[in-house]
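Structure, as structure tokens:
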Amino acid sequence: MTSALLQKAGIGAVIQSSLAIAALSTVGDFIWATWIPRHIPAYGLTHGTLLFLGIGLVLGVVDHRPAAGAIAGALIGAGGAAGFYMLAPLAGYAAMFLMWIAIWVALGVLGGWLRTRTLDLRGGLARGGIAAVASGAAFYAISGIWRPVDPQGWDYATHFGAWTLAYLPGFAALLLARRDVPRS
Numbered sequence: 045m046t047s048a049l050l051q052k053a054g055i056g057a058v059i060q061s062s063l064a065i066a067a068l069s070t071v072g073d074f075i076w077a078t079w080i081p082r083h084i085p086a087y088g089l090t091h092g093t094l095l096f097l098g099i100g101l102v103l104g105v106v107d108h109r110p111a112a113g114a115i116a117g118a119l120i121g122a123g124g125a126a127g128f129y130m131l132a133p134l135a136g137y138a139a140m141f142l143m144w145i146a147i148w149v150a151l152g153v154l155g156g157w158l159r160t161r162t163l164d165l166r167g168g169l170a171r172g173g174i175a176a177v178a179s180g181a182a183f184y185a186i187s188g189i190w191r192p193v194d195p196q197g198w199d200y201a202t203h204f205g206a207w208t209l210a211y212l213p214g215f216a217a218l219l220l221a222r223r224d225v226p227r228s
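Residue numbers (my numbering): 45 to 228.
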């Protein structure tokens, strides 16, 4: 993926971003299913950090700031995973919903900051809120990809397609709902 491929934050960038992160998520599914015998927080923290490093990288590539996007994305992913593990003993898997919203709002703020070099909390909250709801609904729609729990029998092409559909509305909200602000 080069900045030339994602130079304009249009529908092409949304599709390319969704495909790139769907590939990363599919590899994650394969790694979890193949080499991780049981879920422990260290694996979840690593997974969240690496996945969101990729998401931040994609957002950074769009705005010609890949390193800043990757670093901020990794911090968002690590914070989201840590937040889940801190809240899960109190709220169970409902903690996932709160953290899902928080990470997409953080990505909305990050996208605005990468684009304008200013902190726009209101715009980030709006973009991130739309991304959280839209991608949350899409994620819920595809969440059956892990059932039945039979990692050796999973069709990873189906996982890739499902992940692509799940990320599409989130990236659309983050990349298409931006004002055309000149880059500094």
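All C-beta atoms, glycine included, are put in the ideal place defined by N, C-alpha and C.
Given the structure is predicted, the values throughout are model-derived calculations rather than measurements.
Assigned exposure category for residue i - 16 Cβ within 10 Å defines buried
{"i": "Tyr-184", "result": "exposed"}
{"i": "Arg-161", "result": "exposed"}
{"i": "Ala-201", "result": "exposed"}
{"i": "His-83", "result": "exposed"}
Supposed contact pair residue j and residue i - C-beta distance, whole angstroms, cut 8 Å
{"i": "Ile-120", "j": "Leu-94", "result": "With 8 Å as the limit, Ile-120 and Leu-94 do not qualify as a contact, their Cβ atoms being about 12 Å apart."}
{"i": "Phe-204", "j": "Thr-70", "result": "4 Å"}
{"i": "Ala-122", "j": "Gly-92", "result": "6 Å"}
{"i": "Pro-110", "j": "Gly-104", "result": "4 Å"}
{"i": "His-139", "j": "Phe-128", "result": "Reading off the sequence shown, one finds Ala at residue 139, where the question assumed His. The Cβ separation is near 5 Å, so the contact holds."}
Inter-residue Cα distance where the pair is residue i and residue j
{"i": "Thr-68", "j": "Gly-98", "result": "According to the sequence displayed, residue 68 carries Leu and not Thr. Rounded to the nearest angstrom, the two C-alpha atoms are 8 Å apart."}
{"i": "Ala-63", "j": "Ala-132", "result": "A small fix is needed here, since residue 63 is Leu in this sequence, not Ala. Those two C-alpha atoms are separated by around 30 Å."}
{"i": "Pro-226", "j": "Pro-85", "result": "For Pro-226, the pLDDT reaches just 47, beneath the cut-off of 50, and the residue's location in the model is therefore unreliable, leaving the point undetermined."}
{"i": "Trp-207", "j": "Phe-74", "result": "13 Å"}
{"i": "Asp-107", "j": "Arg-159", "result": "6 Å"}
{"i": "Ile-55", "j": "Ala-216", "result": "7 Å"}
{"i": "Asp-241", "j": "Phe-141", "result": "A query on residue 241 cannot be resolved here, the shown segment of the chain reaching from 45 to 228 and no further."}
{"i": "Ala-125", "j": "Ala-175", "result": "18 Å"}
{"i": "Ala-57", "j": "Gly-214", "result": "12 Å"}
{"i": "Trp-157", "j": "Leu-89", "result": "25 Å"}
{"i": "Ala-48", "j": "Gln-60", "result": "Any reading at Ala-48 is ruled out, since the residue's pLDDT is 47, under 50, leaving its predicted position unreliable."}
{"i": "Ile-80", "j": "Ala-135", "result": "25 Å"}
{"i": "Gly-72", "j": "Arg-166", "result": "33 Å"}
{"i": "Ile-189", "j": "Met-130", "result": "26 Å"}
{"i": "Ala-112", "j": "Tyr-87", "result": "24 Å"}
Reference residue i, options the options, closest by Cα
{"i": "Val-177", "options": "Leu-163, Trp-148 and Thr-162", "result": "Trp-148"}
{"i": "Arg-171", "options": "Ala-139, Gln-60, Val-105 and Ala-150", "result": "Ala-150"}
{"i": "Ala-232", "options": "Trp-76, Leu-212 and Leu-165", "result": "Nothing can be reported for residue 232, as the shown portion of the chain is limited to 45 through 228."}
{"i": "Ile-65", "options": "Leu-134, Ile-186, Leu-101 and Thr-90", "result": "Leu-101"}
{"i": "Gly-242", "options": "Trp-76, Leu-134, Ala-139 and Leu-219", "result": "Outside the shown range of the chain, which is 45 to 228, sits residue 242, and nothing can be said about it."}
{"i": "Ser-179", "options": "Trp-144, Trp-157, Ala-139 and Trp-190", "result": "Trp-144"}
{"i": "Trp-198", "options": "Ala-138, Trp-76 and Gly-152", "result": "Trp-76"}
{"i": "Gly-152", "options": "Trp-190, Ala-135 and Phe-96", "result": "Phe-96"}
{"i": "Leu-186", "options": "Leu-209, Gly-173 and Arg-166", "result": "It should be pointed out that residue 186 corresponds to Ile in this sequence rather than to Leu. When only C-alpha atoms are compared, the closest one is Leu-209."}
{"i": "Gly-173", "options": "Ala-146, Ile-189 and Ile-80", "result": "Ala-146"}
Near the ligand NAD: residue i beta-carbon under 7 Å from a heavy atom
{"i": "Tyr-137", "result": "The ligand NAD is absent from the structure shown, which contains no ligands of any kind."}
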